[in-house]
Amino acid sequence: MIVAVLRAAIGADPLSGAEHVFRVSDGVTDPGEPFELTERHFFTWGVRGFSPGPTEELQDAVLIISLPEKAGLRHGTPRIRVHLLDSAENPANGRPDEGLPPRGRLRRYEWPSGEPTVRLRGPYLPWTTQVEILTETFEDSADGHPRVVRCSLGERGLMEYFRTFLANGGNFGLAMDADGQVGRPLVRFVVITRERAPLPIRTWERPVPRIGDHPVRMPDGGSTWVLLGLGLGGLGLWLWLRRR
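Residue numbers for the sequence shown follow UniProt numbering, beginning at 1 and rising by one.
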């Protein structure tokens, strides 16, 4: 089921390259901080040390959010907002905020109390650069199928941000917050690469001998006939001298 949802949502099947799937919602968490999106707190997710293969180049990055359980919409119509982060590592908390791929690491933050406007503006993360990539409202589904949201950074003109973030040591992250009780959605971040085109093979022309200032091109095979003629001429001269 999950594989089918991912394949349908990615919408890309590169002829050559790879799809690196990061399991955001399965990220490592601290005890007592399960991944559950509500209005009370927001989450960051971070990964470090990711590098595509030596012959791969970035083509696209796709965020996929799926609510497979209808219970996730019991408390009204929720909204999810996601920011792309240069890094999720917070130097002020003294704890690891990034993990190794594909799971990475999740960190929960409480909203400041007594400041309702803070949540409207979104998470304030002064230690990193953040770019909003998605704000989506999930409507209820009468047919019982999963609600799936797909966000392609390439289609939204945001791939240069991702390339810049990833170039900083192979680290990047996400910040996720919600209005309403979203629950535990399936979240995946898929980096799509393609193989670099091989360098063209250079063809070399036959060298052109030069005599004086003007190039003289010898016909193909000409030197062979000259040598053969000299050899036969020398042999004939030797036989003629022996008969005398």
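Cβ atoms here follow ideal geometry from the backbone N, Cα and C, with glycine treated the same way. Keep in mind the model is a prediction, meaning the values are calculated, not measured.
DSSP three-state call for residue i: helix, strand or coil?
i, result
"residue 51", "coil"
"residue 229", "helix"
"residue 108", "strand"
"residue 236", "helix"
"residue 131", "strand"
"residue 137", "strand"
"residue 2", "Since pLDDT at residue 2 reaches only 48, below the 50 mark, its modelled position is unreliable, and no value is offered."
"residue 243", "helix"
"residue 125", "coil"
"residue 184", "coil"
"residue 117", "helix"
Based on the DSSP output, what are the partners of residue i in its beta bridges?
i, result
"residue 145", "Note: residue 145 sits in no beta bridge, so no partner."
"residue 62", "152, 190"
"residue 195", "56"
"residue 17", "194"
"residue 81", "135, 177"
Following the continuous beta strand (DSSP E) through residue i, name the residue where it begins and the one where it ends.
i, result
"residue 164", "Not the beta strand (DSSP E): residue 164 falls in the alpha helix (DSSP H), residues 159 to 166."
"residue 97", "Here residue 97 belongs to no beta strand (DSSP E), and DSSP marks it neither H nor E."
"residue 88", "Premise fails: residue 88 is in no beta strand (DSSP E) and is neither H nor E."
"residue 23", "No beta strand (DSSP E) contains residue 23, which DSSP labels as neither H nor E."
"residue 179", "172 to 179"
Between the beta-carbon of residue i and the beta-carbon of residue j, is there less than 8 Å?
i, j, result
"residue 175", "residue 83", "yes"
"residue 85", "residue 128", "yes"
"residue 47", "residue 165", "no"
"residue 184", "residue 135", "no"
"residue 24", "residue 192", "no"
"residue 92", "residue 107", "no"
Which one of the options has the shortest CA to CA distance from residue i?
i, options, result
"residue 99", "136, 27, 93, 240", "27"
"residue 179", "111, 151, 96", "111"
"residue 153", "228, 38, 17, 58", "58"
"residue 67", "29, 130, 36", "36"
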